[in-house]
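Have a look at the structure below before the remarks.
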Amino acid sequence: MEVLPILRKIEDGKSLKYCSSIVRQALMGPDNKCIHCGHPVHHVGPIYIGPMHNQDFVNGILTRLRETREEERLGTHNRLMGVLTNVSEEIDVPLYYEHDQLFNVVKCSVPKAVNVSGSHCNPRALKTDAPTQFLWDICRVAAKEANVTAERHDERAPGRKILSDPIRSEVSFKLHPKATQQTKSDQMVRFQCNKGKNWGPKSKAKGSINSTLAGFYSKASDDPE
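Right, here's the structure in full:
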């Protein structure tokens, strides 16, 4: 996955203009195929790729929530603390990976000892600014330790091409001391359960509106009253 801006900004003294981006994707090789799996590269968008959160605002709300007296706290206090703390821990990149889908490409299970920080919107999400090459190297090392070979995949499958490439990065699955996030150590509610009274939107409206309620009147009936 690679994010490219649609426009590029050109500043020349007091002049400022925006032009179309002409940067070639690093994911595409000379044959215009993905350099990792050899398949076509799919373009999606446009999307917003600027900063996702105002960290000063988020931290300010967290400070106010912590300083709120218990008798004045909202019923959703713990949920707010969990979501906002999770947001404050996200790195500033626009998109995320789902680690189980990443490993599914090479038909290998996610190593049990791996702990990652994710996104507030998906419990399986992995937000990272690491290059794609390193992410696939992690999958290659995990597949190697699980005895998953390239021959297990079909001839044209992306996983076969990915596992056939050499491992270029040094990968360690030892737990990093900074891997445990504050939301986990404090046992905060990171992702909300769809339970409880008045949770979520109401069900859609049913029935129909007759002509009278809609403001229309039918012609008088010929039948006597």
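All letters in the sequence shown, in the order written, are residues 0 to 224 by numbering that gives the first Met the number 0. Don't be surprised by glycine CBs; every beta carbon is placed ideally from N, CA and C.
Give the straight-line distance between the Cα atoms of residue i and residue j, rounded to the nearest whole angstrom.
| i | j | result |
| --- | --- | --- |
| Ser-118 | Glu-154 | 35 Å |
| Val-170 | Ile-137 | 6 Å |
| Leu-79 | Val-147 | 42 Å |
| Val-140 | Leu-83 | 34 Å |
| Asp-30 | Lys-13 | 41 Å |
| Lys-143 | Pro-4 | 36 Å |
| Cys-36 | Met-27 | 10 Å |
| Leu-6 | His-41 | 19 Å |
| Thr-182 | Leu-15 | Below a pLDDT of 50, predicted positions are generally treated as unreliable, and Thr-182, at 49, falls in that range; the measurement from the model is reported next regardless. Thr-182 and Leu-15: Cα-Cα distance of roughly 43 Å. |
| His-152 | Glu-10 | 50 Å |
| Gln-100 | Gln-24 | 23 Å |
| Lys-160 | Ala-149 | 7 Å |
| Ile-237 | Ala-129 | Outside the modelled stretch of the chain, which goes from 0 to 224, sits residue 237, for which no answer is possible. |
| Thr-67 | Gln-54 | 20 Å |
| Ala-124 | Leu-94 | 9 Å |
| Ser-168 | Val-57 | 36 Å |
| Lys-126 | Met-51 | 12 Å |
| Ile-48 | Lys-8 | 15 Å |
| Cys-234 | Pro-45 | Nothing in the structure corresponds to residue 234, since the chain is present only between 0 and 224. |
| Phe-102 | Leu-174 | 19 Å |
| Cys-33 | Phe-172 | 27 Å |
On the DSSP bridge assignment, give the partners of residue i in chain order.
| i | result |
| --- | --- |
| Met-27 | Cys-33 |
| Ser-118 | Asn-121 |
| Ser-19 | Leu-6 |
| Tyr-96 | Leu-125 |
| Pro-39 | Lys-32 |
| Asp-164 | Asp-164 pairs with nothing; no bridge assigned. |
| Ser-202 | Paired residue(s): none; Ser-202 is not in a bridge. |
| Ser-171 | Answer is none; Ser-171 lacks a bridge partner. |
| Asp-11 | Ser-14 |
With residue i and residue j assumed to form a contact (beta carbons below 8 Å), what rounded beta-carbon distance in angstroms separates them?
| i | j | result |
| --- | --- | --- |
| Asn-121 | Glu-97 | 7 Å |
| Val-105 | Gly-158 | 4 Å |
| Ala-156 | Cys-107 | That pair is no contact at about 13 Å. |
Are the C-beta atoms of residue i and some chain C residue less than 8 Å apart?
| i | result |
| --- | --- |
| Val-40 | Checking the listed chains, one finds no chain C in this structure; it contains a single protein chain. |
ask   = Where in the segment 43 to 80 do unbroken runs of the beta strand (DSSP E), each at least 3 residues long, occur, reported from the N-terminal end onward?
value = List check, beta strand (DSSP E) in window: nothing returned.
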